[in-house]
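Structure, as structure tokens:
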Amino acid sequence: METKYIFVTGGVTSSLGKGIISASLAKLLQSRGYTVTIQKFDPYINIDPGTLNPYEHGECYVTVDGHEADLDLGHYERFTNVETTRDNNITTGRIYQNVIQKERRGDYLGKTVQIIPHITDEIKRNVKLLGTKHKFDFVITEIGGTVGDIESLPFLESVRQLKWELGKNCLVVHLTYVPYIAAAKELKTKPTQHSVKHLQEVGIQPDILVLRTEHELTSEVRRKVALFCNVEPKAVFQSIDVPSVFEVPLKMQEQGLDSVVLEKTGMPVGETPSLASWRGFLDKIYNASDVVRIGLVGKYVELPDAYKSINEALFQAATYNGRKLKLEFIHSEKLTDENIAESLKGLDGVVIAPGFGNRGIEGKFVALKYARENNMPTLGICLGMQCMVIEFARNVLGYSDANSTEMDVKTKHNVIDLMEEQKSVSNYGGTMRLGAYDCELEEGSNAATAYGSTSVKERHRHRFEFNNDYKDEFEKAGMKCVGKNPETNLVEVVEIPELKWFIGTQYHPEYTSTVLKPNPLFVDFIKAAIEK
Ligand code: GLN
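Just add 12 to the spot in the sequence shown (first one is 1) and you have the working numbering.
Structure below.
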């Protein structure tokens with residue numbers, strides 16, 4: 013079949029859940045047997061979100077091919093179980109970078125390089141790449157930002173052109189907001205009408221409207237929106253607040269979002285899939301009564317999105333263990349030897365978060381010492397694993413100045429040190445050890461038992477590593493290096509086998525955890541936490 017391109021735009025306000033609607037539609041089409049991918053266009057100038065502070069856009073997600081990406085790609089993977097790549101997340105910065113490189117190379121043969129057609133052509137090339145190179149049946153492209161923003165104009169212009177070029181093979185789904193005015197006891201459609209007008213002004217007639225609302229929409233409201241916005245009444249959907257985002261695909265299927273998409277793209281509709289395993293996951297969520305309490309020790313506690321994938325991986329693992337996840341964010345900057353017992357009281361397990369830089373680092377050591385001495389199930393991720401190593405060096409090996417050279421370049425005991433290939437790196441963007449690498453796990457280790465395998469592949473994002481000069485000393489004292497990269501010998505996993513569950517991973521296992529395929533390390537960690 014010819015690839016179908018579906019664009020998802022948003023109006024009225026941000027945070028309406030374009031990412032979830034895109035992922036839900038993908039899930040529905042996928043369960044009808046189509047191959048589907050989702051792409052995100054971000055209108056900012058950064059080449060990618062890798063250099064952004066988590067306070068800006070939350071966590072930086074990492075794809076299997078080592079692209080630092082918007083956290084929405086995490087939703088896409090968790091919903092569809094399909095890996096994304098660097099082709100799935102494009103920023104304005106990258107579009108301009110490509111065009112400017114072509115201009116420098118002389119590709120434009122002396123022409124004046126302009127937004128139309130050169131920038132828009134580059135945008136369109138990046139959309140179509142997923143159909144031509146990756147051969148997906150459906151490409152869903154989410155346009156970041158809100159209609160009316162200056163920044164998204166070149167993207168919308170490209171969508172307008174593609175609608176002309178692709179005809180039936182291209183659809184626009186526009187997501188808006190219908191506020192409820194309590195004093196008037198009325199749902200208001202005017203913001204939706206205005207936002208569709210905005211789209212029409214740039215030449216785009218949406219085919220489908222999804223109205224985000226906190227109250228059921230009456231058929232009267234839907235008819236009115238359809239009439240004023242030139243959209244068929246059956247193509248107006250509501251996206252009402254639900255207790256779990258994992259219900260959104262079901263809510264969309266009930267209203268027939270996927271069948272309207274198929275009809276409009278000229279595809280046979282066929283039978284409605286049962287979504288049995290998805291429903292099974294939801295049942296597990298709602299049937300879980302007992303709680304598992306996990307503490308996440310990190311420095312971005314005010315912003316849960318900074319740890320989005322960890323949060324989701326823990327949630328999936330708890331759900332598959334038949335528990336409700338109660339996640340407590342613990343501010344590493346506030347932890348001291350005096351308050352640590354109180355701070356971790358009642359928790360079944362702790363996760364020591366990834367991160368960069370000195371802020372809050374000492375609190376992570378305090379938490380790790382307490383967890384180690386009190387045999388609490390503990391998972392250290394990336395910087396969290398490095399902190400496990402440093403704490404052990406300080407308090408067990410007796411090197412009180414042990415550190416990572418990231419925090420103290422002059423430390424005599426550099427148990428965590430800059431990787432050899434990082435020493436010549438001067439640019440910050442896209443230069444870390446990124447993406448999926450193989451890891452061989454020692455037979456019989458707790459990590460191998462958790463995975464049920466001795467060879468795994470997980471994604472990385474770091475510059476520093478375990479210093480192999482210290483390996484023997486650590487192993488003699490009881491911290492084992494049980495996971496290694498087979499080519500480079502880099503230590504990927506450490507554990508203390510004597511303790512119930514104390515594992516640190518240099519990689520980020522959270523990125524590969526999905527709704528229907530939770531990451532085994534998280535599942536095993538939660539299991540240990542429950543047993544405790
Ligand atoms: N800052 C550490 C490093 O660069 C850890 C990075 C992380 O936690 N993602 O090695």
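Ideal Cβ positions, reconstructed from N, Cα and C, are used throughout, including at glycine.
Residue i Cβ short of 7 angstroms to ligand 1 heavy atom set
i	result
residue 371	no
residue 80	no
residue 473	yes
residue 418	yes
residue 394	yes
residue 367	yes
residue 476	yes
residue 217	no
residue 614	The question about residue 614 has no answer, for the chain in this structure spans 13 to 544.
7 angstroms Cβ shell around residue i - same chain, five flanking residues per side excluded
i	result
residue 355	342, 347
residue 430	417, 475, 476
residue 227	192, 199
residue 446	74, 78, 80, 472, 473
residue 366	393, 394, 395, 396, 520
residue 501	480
residue 245	234, 235, 238
Cβ shell of residue i (< 8 angstroms), same chain only, five flanking positions each side left out
i	result
residue 219	183, 184, 185, 243, 247, 276
residue 4	Outside the modelled stretch of the chain, which goes from 13 to 544, sits residue 4, for which no answer is possible.
residue 450	467, 468, 469, 497, 498, 499
residue 270	37, 40, 41, 44, 264
Burial state of residue i (16 or more Cβ within 10 Å)
i	result
residue 51	buried
residue 553	Lying outside 13 to 544, the shown extent of the chain, residue 553 is not represented and no answer is given.
residue 384	buried
residue 289	exposed
residue 395	buried
residue 333	buried
residue 24	buried
residue 112	exposed
residue 20	buried
residue 194	exposed
residue 253	exposed
residue 212	exposed
residue 204	buried
residue 221	buried
Endpoints, alpha helix (DSSP H) assigned at residue i
i	result
residue 4	Since the first residue of the chain shown is 13 and the last is 544, residue 4 is not available in this structure.
residue 407	395-407
residue 353	352-355
residue 17	That residue, residue 17, is in no alpha helix (DSSP H); its beta strand (DSSP E) goes 16-22.
residue 67	66-69
residue 143	132-144
residue 263	260-267
residue 305	Looking at the DSSP string, residue 305 is not in any alpha helix (DSSP H); the run it does join, the beta strand (DSSP E), is 303-310.
residue 374	373-385
residue 120	It is not in any alpha helix (DSSP H) - residue 120 carries neither H nor E in the DSSP assignment.
residue 410	Premise fails: residue 410 is in no alpha helix (DSSP H) and is neither H nor E.
Residue range of the beta strand (DSSP E) that includes residue i
i	result
residue 520	Here residue 520 belongs to no beta strand (DSSP E), and DSSP marks it neither H nor E.
residue 446	445-453
residue 154	150-155
residue 72	Taken as a continuous stretch (DSSP letters only), residue 72 belongs to no beta strand (DSSP E), as it is neither H nor E.
residue 101	101-103
residue 249	248-252
residue 341	336-343
residue 485	Premise fails: residue 485 lies in the alpha helix (DSSP H), 483-489, not in any beta strand (DSSP E).
residue 84	From DSSP, residue 84 is part of no beta strand (DSSP E) but of the alpha helix (DSSP H) over 84-92.
residue 206	Where residue 206 is concerned, there is no enclosing beta strand (DSSP E), although the alpha helix (DSSP H) it sits in stretches over 202-213.
residue 53	48-54
Heavy atom of ligand 2 within 7 angstroms of residue i beta-carbon
i	result
residue 113	Questions concerning ligand 2 fall outside what the structure shown contains, since the ligands it does hold are ligand 1.
Proximal residues to residue i (C-beta, below 6 angstroms), its chain only, five neighbours per side dropped
i	result
residue 531	325, 521, 524, 525
residue 274	281
residue 371	311
Alpha carbon of residue i to alpha carbon of residue j, nearest angstrom
i	j	result
residue 202	residue 209	10 angstroms
residue 465	residue 453	8 angstroms
residue 17	residue 179	10 angstroms
residue 340	residue 419	26 angstroms
residue 364	residue 14	47 angstroms
residue 216	residue 97	28 angstroms
residue 2	residue 293	Residue 2 is absent from the structure shown; the chain starts at 13 and stops at 544.
residue 90	residue 528	8 angstroms
residue 33	residue 27	12 angstroms
residue 22	residue 516	40 angstroms
residue 544	residue 388	8 angstroms
residue 206	residue 159	10 angstroms
residue 136	residue 85	20 angstroms
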